[in-house]
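Peer 1: Chain order of the listed sequences is A and B. Residue numbering for the first sequence follows numbering that gives the first Met the number 0, starting at 0 and increasing by one per position. Residue numbering for the second sequence follows numbering that gives the first Met the number 0, starting at 0 and increasing by one per position. All C-beta atoms, glycine included, are put in the ideal place defined by N, C-alpha and C.
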Amino acid sequence: MIQIINLHKSFKNKPVLKGVNLEIYDGETVTIMGGSGQGKTVLLKNIIGLMKPDKGKIIIDGIDITTADKKTLHNVQKKFGYLFQGSALFDSMTVYENIAFGLRHMKLSAAEIKERVKLYLSYVGLEGIENMYPSELSGGMKKRVALARAVAYSPQYILYDEPTTGLDPQTAETITDLIMSLQKKLNVTSIVVTHDLKAALKVSQRIAFLYNGEIIDIEQPDKLLNTSNLFLREFVTSALINQTNYN
Amino acid sequence: MKKILFSLGQYLLLAYDCLLSLFTRNFEREVLLQQIYEIGVKSTPVCLMTSAAVGMVLALQTGMASISVLNEPAYIGTVVTFSLIKELGPMLTAVVLVGRIGAAITAEIGTMRVTEQIDAMYTLGTDPIKYLLVPRILGFTIVLPILTMLSDIVGIVAGGIMSYLRFDIPSTTYISDSLDYLSINDFFHGLIKAIIFGIVVSTIACYKGFYTEGGAEGVGKATTSCVVTSIVFLLIGDYFLSSLLISLGIG
Ligand SMILES: Nc1ncnc2c1ncn2[C@@H]1O[C@H](COP(=O)(O)OP(=O)(O)OP(=O)(O)O)[C@@H](O)[C@H]1O
Ligand SMILES: [Mg+2]
Chain A
0 MIQIINLHKS
10 FKNKPVLKGV
20 NLEIYDGETV
30 TIMGGSGQGK
40 TVLLKNIIGL
50 MKPDKGKIII
60 DGIDITTADK
70 KTLHNVQKKF
80 GYLFQGSALF
90 DSMTVYENIA
100 FGLRHMKLSA
110 AEIKERVKLY
120 LSYVGLEGIE
130 NMYPSELSGG
140 MKKRVALARA
150 VAYSPQYILY
160 DEPTTGLDPQ
170 TAETITDLIM
180 SLQKKLNVTS
190 IVVTHDLKAA
200 LKVSQRIAFL
210 YNGEIIDIEQ
220 PDKLLNTSNL
230 FLREFVTSAL
240 INQTNYN
Chain B
0 MKKILFSLGQ
10 YLLLAYDCLL
20 SLFTRNFERE
30 VLLQQIYEIG
40 VKSTPVCLMT
50 SAAVGMVLAL
60 QTGMASISVL
70 NEPAYIGTVV
80 TFSLIKELGP
90 MLTAVVLVGR
100 IGAAITAEIG
110 TMRVTEQIDA
120 MYTLGTDPIK
130 YLLVPRILGF
140 TIVLPILTML
150 SDIVGIVAGG
160 IMSYLRFDIP
170 STTYISDSLD
180 YLSINDFFHG
190 LIKAIIFGIV
200 VSTIACYKGF
210 YTEGGAEGVG
220 KATTSCVVTS
230 IVFLLIGDYF
240 LSSLLISLGI
250 G
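1) Please classify residue 242 of chain B as buried or exposed, where buried requires at least 16 neighbouring CB atoms within 10 angstroms.
2) With 8 Å as the C-beta to C-beta threshold (strictly closer), list the residues of the segment 61-77 of chain A near chain B in chain order.
3) Is residue 13 of chain B closer than 8 Å to residue 186 of chain B when the C-beta atoms are compared?
4) Closer than 5 Å between the C-beta and any heavy atom of ligand 1: which residues qualify, listed along the chain?
5) Tell me which same chain residues have a C-beta within less than 6 Å of the C-beta of residue 3 of chain A, skipping the five on either side of it?
6) On the three-pair Cβ rule with 8 Å, is the segment 100-110 of chain B touching the segment 25-44 of chain A?
7) Mind listing, in chain order, the continuous alpha helix (DSSP H) runs of no fewer than 4 residues lying wholly within the segment 21-96 of chain B?
8) Does the beta-carbon distance from residue 201 of chain B to residue 135 of chain B come in below 8 Å?
9) Can you determine whether any heavy atom of ligand 2 sits closer than 7 Å to the C-beta of residue 160 of chain A, and answer yes or no?
10) In the segment 35-59 of chain A, which residues sit with their C-beta less than 9 Å from some C-beta in chain B, listed in chain order?
11) Determine whether the Cβ of residue 206 of chain B lies closer than 8 Å to any Cβ atom of chain A.
12) At a threshold of 7 Å, does residue 204 of chain A count as lining ligand 4 (C-beta to nearest heavy atom)?
13) Under 7 Å Cβ to Cβ from residue 126 of chain A, same chain only, skipping five residues before and after it: list those, please.
14) Kindly indicate if chain A contains any beta-carbon less than 8 Å away from that of residue 123 of chain B.
15) Return yes when the Cβ of residue 156 of chain A is within less than 8 Å of the Cβ of residue 79 of chain A, no when it is not.
16) For residue 77 of chain A, does the three-state DSSP call read helix, strand or coil?
17) Cβ of residue 34 of chain B less than 8 Å from any chain A Cβ?
18) Taking the alpha-carbon positions, what's the residue 213 of chain B to residue 119 of chain B distance?
19) Is the beta carbon of residue 98 of chain B closer than 8 Å to that of residue 144 of chain B?
20) In three-state terms, what does DSSP make of residue 15 of chain A?
21) Determine, using beta-carbon pairs with one atom in the segment 178-197 of chain A and one in the segment 160-167 of chain B, whether at least three such pairs fall under 8 Å.
22) Name the residue from A:179, A:162, A:54 whose alpha carbon lies nearest to the alpha carbon of residue 201 of chain A.
23) Looking at the C-beta of residue 103 of chain A, does it have a partner C-beta in chain B at a distance below 8 Å?
24) Should the segment 128-141 of chain A be called in touch with the segment 58-65 of chain A, which here means at least 3 C-beta pairs below 8 Å?
25) Mind checking residue 68 of chain B: buried by the 16 CB within 10 Å criterion, or exposed?
26) Check the Cβ-Cβ distances between residue 99 of chain A and every residue of chain B, and say whether any is below 8 Å.
27) Is any beta-carbon of chain B found at less than 8 Å from that of residue 3 of chain A?
28) Under a CB-based cut-off of 8 Å, is residue 9 of chain B close to chain A?
29) Between the alpha carbons of residue 6 of chain B and residue 229 of chain B, how many angstroms are there, rounded?
30) Using the DSSP secondary-structure output, state which residues sit across from residue 7 of chain A in a beta bridge.
31) Using 8 Å as the Cβ pair cut-off and three pairs as the minimum, do the segment 166-177 of chain B and the segment 70-87 of chain B touch?
32) For residue 43 of chain A and residue 158 of chain A, I'd like the C-alpha separation in whole angstroms.
33) Name the chain B residues that come within less than 7 Å of residue 79 of chain A, Cβ to Cβ?
34) Does residue 138 of chain A come within less than 8 Å of chain B when only Cβ atoms are used?
35) Could you pull out every residue in the same chain whose Cβ sits closer than 7 Å to the Cβ of residue 87 of chain B, ignoring the five residues on either side in sequence?
36) Among B:126, B:238, B:48, B:173, which residue has its Cα nearest to the Cα of residue 58 of chain B?
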């Protein structure tokens with residue numbers, strides 16, 4: 000379980016998170032939505048310990064990682080998979096080496112690693128690109144390789160930072176299905192940051208809205224469409240209009 | 000001033016972290032071997048070329064100077080050998096490696112930092128200090144003394160050839176001039192310097208890369224700063240290090 004308690008984070012006196020409270024239960028998928036620059040990425044990075052908050056607690060399975068020592072933090076981080084918004088593939092390594100990098104600690108044989116890399120590449124629809132370098136891939140392909148890398152070692156928690164942004168609708172659908180099947184098959188707990196309302200409604204049990212440095216509302220998908228919160232209604236309506244325009 | 004102190008503290012903490020992971024855990028042996036190979040292969044030709052040129056110009060200048068003082072060329076071997084082994088060998092090799100390898104380390108690690116690859120490493124369960132920094136620092140610190148010794152030899156031989164061609168000094172004279180006054184301590188003087196230069200310069204390169212911020216421009220700035228800081232340290236630190244070693248009776 001992930002508990003975020005009164006989380007504050009600012010950069011050079013510019014507050015970004017101003018008291019975020021959020022609990023994510025085991026096995027559920029929570030989507031975080033919010034405008035650009037509202038601090039969604041910053042929130043994810045705080046959860047996984049890549050950034051230190053100024054104030055507040057982040058408790059993961061009972062361990063407060065904001066005060067934990069390096070080794071404890073490291074062990075907690077091993078439970079996580081993280082899909083970076085910008086992919087963050089190792090550009091000196093091939094696709095194969097990138098995905099295999101996360102498997103180094105799993106005590107698998109070389110053949111098993113190979114098998115697994117192949118399997119996860121097929122999950123994201125990219126068979127046979129093992130020997131290519133990130134610089135030879137398109138943006139959408141990078142994103143999918145990064146996704147394969149983030150989930151290949153079966154982490155207990157997965158944080159997705161905009162998994163479907165920049166993908167065509169069909170591939171986006173595949174990725175959404177992958178996220179759902181990971182949750183169903185492996186009982187993974189996920190946090191998804193996305194602007195894609197359709198995907199959010201499909202994958203998540205709850206949708207949280209980050210606005211002005213706080214989580215202003217959490218709703219179940221089916222209740223979202225007739226929410227009483229005026230601001231949310233506006234957000235949802237414009238998102239829906241946008242989506243119909245695209246499709 | 001506050002900024003300098005902060006940087007120094009940050010640098011020392013990082014160096015301490017590197018030291019810890021060197022002792023507490025088995026680091027990445029494969030990456031280390033690859034680093035040694037790469038650093039060695041990349042830098043040997045340019046190091047040997049510079050030291051040959053330095054050996055030759057030292058021989059030439061010493062010969063000319065002693066002609067104007069003593070009317071004949073004398074002690075060329077002694078001057079060339081002492082200068083190279085105690086001073087110029089470690090210094091020049093370190094300077095060449097800063098330009099050739101140190102800058103590359105900062106640029107590579109800095110790029111990984113600004114493109115979040117360092118963060119990605121943490122999330123994939125690998126400590127980038129262990130995986131990236133320690134093998135580079137170790138590799139650099141192992142290669143620098145070896146290259147220094149090779150450079151010393153090449154420079155001394157080149158000086159000998161120069162004194163034969165220009166001043167007709169027979170090789171036996173040159174060799175006895177070179178070795179007669181030399182003690183094992185002089186050799187250690189140079190070696191210890193090379194090792195310390197290696198440790199400090201490679202940790203500076205890693206430090207500058209590891210704390211890079213501000214995109215491509217930041218990587219450029221960090222790389223320049225790595226080269227400038229390293230060379231300033233080498234020149235100033237060399238003086239203090241030499242004085243210290245001499246006061247300890249080493250060379
Ligand atoms: N390392 C940093 N240094 C300084 N400011 C930062 C840093 N990271 C983020 N910020 C600031 O924090 C704010 C939130 O950024 P964040 O990347 O979390 O937005 P976001 O909600 O993920 O937006 P998007 O949907 O566009 O990805 C931004 O105003 C940004 O300028
Ligand atoms: Mg973001």
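Peer 2: According to the data block:
1) Label assigned to residue 242 of chain B: exposed.
2) Result list: 73, 76, 77.
3) Cβ distance not < 8 Å, so residue 186 of chain B and residue 13 of chain B don't count as in contact.
4) Here the list is A:10, A:15, A:35, A:36, A:37, A:38, A:39, A:40, A:41.
5) Here residue 3 of chain A has 19, 21, 57 as same chain residues with Cβ atoms under 6 Å from its own Cβ, once five neighbours each way along the sequence are excluded.
6) Taking 8 Å as the limit for Cβ pairs, the verdict is that the segment 25-44 of chain A does not touch the segment 100-110 of chain B.
7) As summarised for the segment 21-96 of chain B, the continuous alpha helix (DSSP H) elements at least 4 residues long and confined to that stretch are 28-69, 75-81, 88-96, given in chain order.
8) For residue 201 of chain B and residue 135 of chain B, yes; Cβs fall inside 8 Å.
9) The closest heavy atom of ligand 2 lies less than 7 Å from the beta carbon of residue 160 of chain A.
10) Per Cβ criterion, the list reads 44, 47, 48, 49.
11) By this cut-off, residue 206 of chain B is not an interface position.
12) The model on display carries ligand 1 and ligand 2 but not ligand 4.
13) 120.
14) So, interface residue.
15) Judged by beta-carbon spacing, residue 156 of chain A lies within the 8 Å limit of residue 79 of chain A, meaning their Cβ atoms are closer than that value.
16) If DSSP states are grouped into helix, strand and coil, residue 77 of chain A belongs with coil.
17) So no, residue 34 of chain B is outside the interface.
18) Answer to the nearest angstrom: the Cα atoms are 18 Å apart.
19) No, these two residues do not count as a Cβ contact at 8 Å.
20) Secondary structure of residue 15 of chain A (DSSP, three-state): strand.
21) Proximity of the segment 178-197 of chain A to the segment 160-167 of chain B falls short of the contact definition, fewer than three beta-carbon pairs being nearer than 8 Å.
22) Closest by alpha carbon: A:179.
23) True, the Cβ-Cβ gap to chain B drops below 8 Å.
24) Cβ pair count under 8 Å is below three, so no.
25) Classified as exposed, residue 68 of chain B has fewer than 16 neighbouring CB atoms from the shown chains inside 10 Å of its CB.
26) Judged by the 8 Å Cβ criterion, residue 99 of chain A is not in contact with chain B.
27) Residue-level contact check: residue 3 of chain A does not touch chain B, since none of the beta carbons of chain B fall below 8 Å from its beta carbon.
28) Cβ-Cβ to chain A under 8 Å: no for residue 9 of chain B.
29) Just so you know, the alpha carbons of residue 6 of chain B and residue 229 of chain B end up roughly 14 Å apart.
30) Under DSSP, residue 7 of chain A forms a beta bridge with A:17, A:54.
31) Contact between the segment 166-177 of chain B and the segment 70-87 of chain B is present, with at least three C-beta pairs closer than 8 Å.
32) So the alpha carbons of these two residues sit roughly 7 Å apart.
33) The answer, in chain order, is 122.
34) No, residue 138 of chain A does not count as interfacial toward chain B.
35) Result list for residue 87 of chain B: 53, in chain order.
36) Scanning B:126, B:238, B:48, B:173 for the CA closest to the CA of residue 58 of chain B turns up B:173.
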